[in-house]
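Protein chains in written order, with my numbering: chain A, 1 to 112; chain B, 113 to 224.
C-beta atoms are modelled at their ideal positions from N, C-alpha and C, and glycine is treated no differently.
Report on the structure given below.
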Amino acid sequence: KAGVTQTPRYLIKTRGQQVTLSCSPISGHRSVSWYQQTPGQGLQFLFEYFSETQRNKGNFPGRFSGRQFSNSRSEMNVSTLELGDSALYLCASSAKQGYGYTFGSGTRLTVV
Amino acid sequence: GENVGLHLPTLSVQEGDNSIINCAYSNSASDYFIWYKQESGKGPQFIIDIRSNMDKRQGQRVTVLLNKTVKHLSLQIAATQPGDSAVYFCAETSNAGNMLTFGGGTRLMVKP
């Protein structure tokens, strides 16, 4: 079956703009979580959604937000972009809590 | 890739040798652990997982060992191949949670 699909793969934005990233989980997976990966901070948890509800949120400013749709697809949004938001944003899906998280290839965001 | 410039511990092995990658985890409440492999430009790829009620689990050419007493996890790769060259991350979570906490990663370099 198809894996986790993230779009777009690459994105270049200007400081102050906003951006929306998309994630389609593996069919049947209802949990979607987002991670930010940078050389300096490694992989850090952003938030997790299950059945359209945010269940957990990491230690990121309010500029980072997300949502999940009834078909389990998820989007994350970053407003008022800063240079430090440049990162690889990864989405993971799982069939049930605490089990088998599968990652997508990520969206590489560059803020200039 | 995402880890360019990041000072990662590096393990260099000869093709055909066995590799052992270690990880110290932080949360004594964690009860589910995963090893991921990440190649340049790609998302983390699931390798093997283990629950806290086990201390060893084997896959194809890989073995994960868990020592809960000292909060230590290791990944053993048998007969390491050039295709195993990548960055390896351990991740932990608890059944009560829905987020992964990642280690800093280890770069494995396989010399032909």
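Residue 210/B: contacting residues in chain A (beta-carbon distance under 9 Å): 31, 33, 48, 50, 55, 56, 94, 97, 98
Backbone CA spacing between residue 150/B and residue 222/B [nearest angstrom]: 15 Å
Per-residue contacts from residue 146/B into chain A (C-beta, under 9 Å): 100, 101
Segment contact flag, the segment 68–75 of chain A with the segment 17–26 of chain A, C-beta cutoff 8 Å, min 3 pairs: yes
Beta carbon of residue 42/A nearer than 8 Å to that of residue 214/B: yes
Residue environment, residue 176/B, which counts as buried when at least 16 other CB atoms sit within 10 Å: When all chains shown are included, residue 176/B counts as buried.
Three-pair Cβ contact test at 8 Å for the segment 7–15 of chain A versus the segment 33–52 of chain A: Proximity of the segment 7–15 of chain A to the segment 33–52 of chain A falls short of the contact definition, fewer than three beta-carbon pairs being nearer than 8 Å.
Minimum Cβ-Cβ distance from residue 245/B to chain A less than 8 Å: Here chain B covers residues 113 to 224 and nothing more, so residue 245/B does not appear.
Distance, residue 100/A Cα to residue 20/A Cα: 26 Å
Per DSSP, cross-strand counterpart(s) of residue 119/B: Answer by DSSP bridge pairing: none, since residue 119/B is not bridged.
Neighbourhood of residue 66/A by C-beta, 8 Å cutoff - its chain only, sequence neighbours within 5 removed: 34, 46, 47, 49, 54, 74, 75, 76, 77
CA-to-CA distance, residue 7/A to residue 88/A, given in whole angstroms: 12 Å
Cut-off 8 Å between Cβ atoms - residues of its own chain near residue 167/B, not counting five sequence neighbours on either side: 177, 178, 179, 180
Interface flag, residue 84/A vs chain B, CB-CB below 8 Å: no
CB contact check: residue 90/A to chain B, cutoff 8 Å: Closer than 8 Å to some Cβ of chain B, the Cβ of residue 90/A qualifies, so yes.
Element boundaries [beta strand (DSSP E), containing residue 143/A]: Residue 143/A lies beyond the stretch modelled for chain A, which goes from 1 to 112, so this question has no answer here.
CB contact flag (residue 143/B, residue 192/B, <8 Å): No, they are not a contact pair.
Residue 80/A burial status per 10 Å Cβ neighbour count (16 or more: buried): exposed
Whole-angstrom distance between residue 51/A and residue 106/A, CA atom to CA atom: 22 Å
Rounded straight-line distance, which links the Cα of residue 30/A to that of residue 196/B: 31 Å
Chain-ordered chain A contacts of residue 216/B [CB-CB under 7 Å]: 42
Residue 181/B, enclosing beta strand (DSSP E) - first and last residue: First-last for residue 181/B: undefined, no H or E at that position.
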